[in-house]
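Residue numbers (the numbering used here): 131 to 320. The structure appears right after this line, and notes come after that.
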């Protein structure tokens, strides 16, 4: 059975909306993380990538330790402690390709892979995107797996410059090692 693009978009939006509503209730024990990580977005008017203020938080989603990356502009992405090895493998592949593309002065866009999130039905799609032959970005975008493909209709990915991709990898490693944990900071002030 073939579904029209409109029908796929409707199904995507319904699943995404349901998942976000269900998972919003699962957010607990948020703690801000001090870091220099900033996500970039593409500015069509200026034809360039611009870094945006980004909040990094540790939280629990459905009882699972999670790292949240919440840029001021654009959608938030959430990384589960249970899948850190998958995320790190995709980031390592980006770093390998970034070094090769920088050396060869190549510019390309290519998907790296997907990994689960703590949110039901939502996956993260990792990719490689060259702004030009000298600037290469890790891209991460949420998608919904529908009928075997990961659909991310009409969403803008988060773009990570090389230094931000390295910082994300460091934060994910700390999450995996238990060095970053969620917690209610306010409860420590009695």
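We put the beta carbon where it would ideally sit given N, CA and C, even for glycine. As the structure is a prediction and not an experimental result, all values here were calculated from the model.
Length of the line joining the Cα atoms of residue i and residue j
| i | j | result |
| --- | --- | --- |
| residue 201 | residue 268 | 15 angstroms |
| residue 240 | residue 257 | 6 angstroms |
| residue 309 | residue 185 | 18 angstroms |
| residue 297 | residue 219 | 14 angstroms |
| residue 315 | residue 161 | 7 angstroms |
| residue 155 | residue 295 | Summary for residue 155: the model assigns pLDDT 48, below 50, so the residue's position carries little reliability, and this model does not support an answer. |
| residue 236 | residue 319 | 53 angstroms |
Neighbourhood of residue i by C-beta distance below 7 angstroms, restricted to the same chain and skipping five residues each side
| i | result |
| --- | --- |
| residue 217 | 209, 245 and 302 |
| residue 206 | 198, 199 and 200 |
Nearest neighbour of residue i, chosen from the options [CA to CA]
| i | options | result |
| --- | --- | --- |
| residue 214 | 273, 276 and 299 | 299 |
| residue 194 | 248, 243 and 317 | 248 |
| residue 311 | 191, 175, 177 and 179 | 191 |
Contact set for residue i: own chain, Cβ-Cβ below 8 angstroms, skip 5 residues either direction
| i | result |
| --- | --- |
| residue 204 | 169, 171, 182, 286 and 288 |
| residue 212 | 194, 246 and 248 |
Secondary structure of residue i, DSSP reduced to three states
| i | result |
| --- | --- |
| residue 269 | strand |
| residue 290 | strand |
| residue 159 | strand |
| residue 238 | coil |
| residue 226 | helix |
| residue 210 | strand |
Residue i Cβ short of 7 angstroms to the ligand NAP heavy atom set
| i | result |
| --- | --- |
| residue 259 | This structure lacks the ligand NAP, and indeed carries no ligand of any kind. |
Run of the beta strand (DSSP E) containing residue i, from where it starts to where it stops
| i | result |
| --- | --- |
| residue 172 | 169-173 |
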